[in-house]
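Read the structure below first, then the notes.
Spelled out as structure tokens, the structure:
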């Protein structure tokens with residue numbers, strides 16, 4: 010199969026990367042994740058979520074549900090969904 014014109018070769022791109030460790034510091038207002046919107050009010054787009062946003066949403070959910078380190082949950086939401094990833098997933102990491 011011929012490569013698509015203009016496409017990067019994955020192995021070459023990886024080999025071109027530095028071996029130096031990435032910086033470990035992140036600020037609360039740095040982008041932590043990108044979520045695809047459903048496009049219900051227009052074209053689909055990427056929504057930026059900051060570390061602060063994710064932590065407050067997760068802490069709020071843990072507080073609202075009264076979660077503790079002894080709890081477990083069944084998460085019925087997909088992990089690419091905001092609710093599935095940090096409202097239900099990250100909230101349990103914060104308390105346990």
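In my numbering, the protein residues as written are 10 to 105.
Backbone N, C-alpha and C fix where the C-beta goes; we use that ideal spot for every residue, glycine too.
Is the beta carbon of residue j closer than 7 Å to that of residue i?
i	j	result
residue 31	residue 43	no
residue 78	residue 98	no
residue 89	residue 67	no
residue 84	residue 93	yes
residue 36	residue 63	no
Going straight from the alpha carbon of residue i to that of residue j, what length do you get?
i	j	result
residue 21	residue 52	33 Å
residue 59	residue 26	26 Å
residue 72	residue 16	47 Å
residue 11	residue 80	52 Å
residue 69	residue 49	26 Å
residue 57	residue 33	20 Å
residue 46	residue 38	20 Å
In the structure shown, what three-state DSSP assignment does residue i receive?
i	result
residue 56	strand
residue 44	strand
residue 63	helix
residue 23	helix
residue 100	helix
Extract the residue ranges of the alpha helix (DSSP H) inside the segment 65-96, only unbroken runs of 4 or more that lie entirely within it. Inside the segment 65-96, DSSP marks no whole alpha helix (DSSP H) run of 4 or more residues.
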